[in-house]
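Residue numbers (UniProt numbering): 1 to 294.
What follows is a single structure, written as structure tokens, with notes after it.
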Amino acid sequence: MRRILITGGSGFIGRNLVEALSPTCAVAAPGSRALDLLDAEATRRYLQAGRFDAVIHAATWDATTASNKDRSLTLQNNLRMFFNVARCNDCFGRMIHYGSGAEYCKLTMPPRVRERYFGTRVPETDYGLSKYLQALHIETAENIYNLRLFGVFGRYESWRIRFISNVLCKALFDLPLTIRQDTVFDYLDVADLVTVTAWFLENEPAHRTCNVCTGRGVPLSAIARLACDIAGKDLPIRIFEGGLGREYSGDNARLLDAIGNFPFRDLRASMESLYRWYAEHQHQIDRDGLAATR
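Here it is, written out as structure tokens:
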């Protein structure tokens with residue numbers, strides 16, 4: 001049985017990976033007490049002892065508004081966690097790293113950005129810069145692959161700050177749906193990400209980096225209307241800033257060249273499934289806290 005280490009296993013993507021891969025793989029998903037990725041020597045000892053076939057690096061210093069983490073440490077700690085694992089690549093078969101469209105510099109990137117655009121601009125944020133520097137290293141690494149993500153959504157993401165979950169939960173609780181500024185996003189169901197990741201665990205792609213996205217951008221306003229339709233409710237949709245923000249989407253031709261004609265899940269069907277899941281777990285949602293988000 002393939003031995004897999006998932007870093008960040010308690011996070012949104014990590015939890016979905018653990019659930020999906022555990023039936024067929026020996027999955028280790030230690031918390032920070034068992035594996036402190038900021039401790040270089042402790043990380044090496046853990047990897048040497050584990051002798052994993054693959055490491056899926058989903059851990060990140062997620063200093064968002066829903067987190068208590070220090071934002072000033074985003075660059076330093078993201079890099080430290082990544083390189084503490086990557087430098088031990090003699091201890092495991094391969095490493096799957098989750099990059100970000102932020103590597104392209106979100107202020108200037110074109111719609112449906114292609115991988116060849118990488119390096120034309122340096123990202124403006126500490127988070128984007130950390131992912132950019134990680135991606136530079138991966139380009140010359142022997143056994144590390146970069147799955148460059150844009151919008152990913154699904155169970156266990158934060159309904160406080162993640163758009164699709166936020167509007168679905170607001171629709172569930174009959175609250176107005178809010179959008180800071182309308183823009184076009186390319187959203188991927190986390191279940192599709194799990195399937196793509198599993199392919200990279202088993203196969204040898206021609207490129208070390210691939211945009212992992214549907215290739216279909218959708219306006220946030222259309223997603224909000226879809227949430228209302230799924231809920232069967234006529235709720236107000238409030239957009240606080242006029243105009244259209246810069247599109248955040250990627251070209252997925254390189255990915256499809258590698259894995260073939262992948263059947264990405266339909267956005268509506270995925271949102272319907274997620275809405276039902278939130279309806280079953282609505283007792284875990286703070287309605288007042290939800291109402292205060294925008």
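We treat Cβ as the ideally placed atom computed from N, Cα and C, and that holds for glycine.
Between the C-alpha atoms of residue i and residue j, what's the straight-line distance to the nearest angstrom?
| i | j | result |
| --- | --- | --- |
| D174 | S273 | 18 Å |
| G242 | Q181 | 6 Å |
| A231 | V196 | 30 Å |
| A141 | T209 | 11 Å |
| L17 | D288 | 31 Å |
| R268 | L226 | 7 Å |
| W61 | I96 | 17 Å |
| A279 | A291 | 16 Å |
| G9 | M81 | 14 Å |
| K106 | T183 | 13 Å |
| Y127 | A102 | 8 Å |
| I285 | G14 | 21 Å |
| W199 | L21 | 12 Å |
| E52 | P176 | According to the sequence shown, residue 52 is Phe rather than Glu. Cα-Cα distance, rounded: 47 Å. |
| Y46 | E247 | 41 Å |
| N252 | G260 | 11 Å |
| T120 | Y132 | 11 Å |
| P236 | K69 | 33 Å |
| H281 | E139 | 42 Å |
| R294 | P23 | 38 Å |
Going by DSSP, which residues form a beta bridge with residue i?
| i | result |
| --- | --- |
| S100 | L149 |
| Q181 | E241 |
| I144 | M95 |
| H57 | T7, H97 |
| A28 | L5 |
| D189 | F153 |
| Y248 | F185 |
| V218 | F185 |
Excluding the five sequence neighbours on either side, which residues of its own chain have a C-beta within less than 7 Å of the C-beta of residue i, listed in chain order?
| i | result |
| --- | --- |
| A40 | N84 |
| L220 | F163, I179, D182, T183, F185 |
| M271 | I164, L168, L226, A227, I230 |
| M1 | C25, A26 |
| Q48 | C91 |
Could you pull out every residue in the same chain whose Cβ sits closer than 6 Å to the Cβ of residue i, ignoring the five residues on either side in sequence?
| i | result |
| --- | --- |
| A258 | P205 |
| F264 | D192, T214 |
| N143 | N89, R94 |
| P123 | A102, C105, L129, Y132 |
| I239 | I179, D182 |
Pick from the options: whose alpha carbon is nearest that of residue i?
| i | options | result |
| --- | --- | --- |
| N78 | T7, C105, A28 | T7 |
| M109 | L73, R2, N89, F150 | F150 |
| V212 | G154, T24, R112, R276 | R112 |
| F92 | I223, R121, A54 | A54 |
| R155 | R71, G217, R276, R148 | R276 |
| E157 | N143, A135, L5, L188 | L188 |
| A135 | V194, N203, W159, H57 | H57 |
Quick one: what does DSSP say residue i is sitting in, helix, strand or coil?
| i | result |
| --- | --- |
| M109 | coil |
| N84 | helix |
| H161 | The sequence given here places Ile at residue 161; His does not occur at that position. I161: coil per DSSP, three-state reduction. |
| D126 | helix |
| T209 | strand |
| residue 295 | A query on residue 295 cannot be resolved here, the shown segment of the chain reaching from 1 to 294 and no further. |
| K233 | coil |
| A49 | helix |
| L37 | coil |
| K131 | helix |
| S22 | coil |
| R265 | coil |
| G119 | coil |
| L168 | helix |
Is any non-hydrogen atom of the ligand MG found closer than 7 Å to the C-beta of residue i, if you look at the structure I gave you?
| i | result |
| --- | --- |
| R294 | Inclusion of the ligand MG in the displayed structure is not the case, the ligand content being empty and no account of it being possible. |
Can you name, in chain order, every residue of its own chain whose Cβ lies under 8 Å from the Cβ of residue i, other than the five neighbours on each side?
| i | result |
| --- | --- |
| L37 | T7, T43, A59, R80, M81, N84, V85 |
| H207 | E115, R254, A258 |
| A171 | L177, A227, C228, I230, A231, K233, L235, Y275 |
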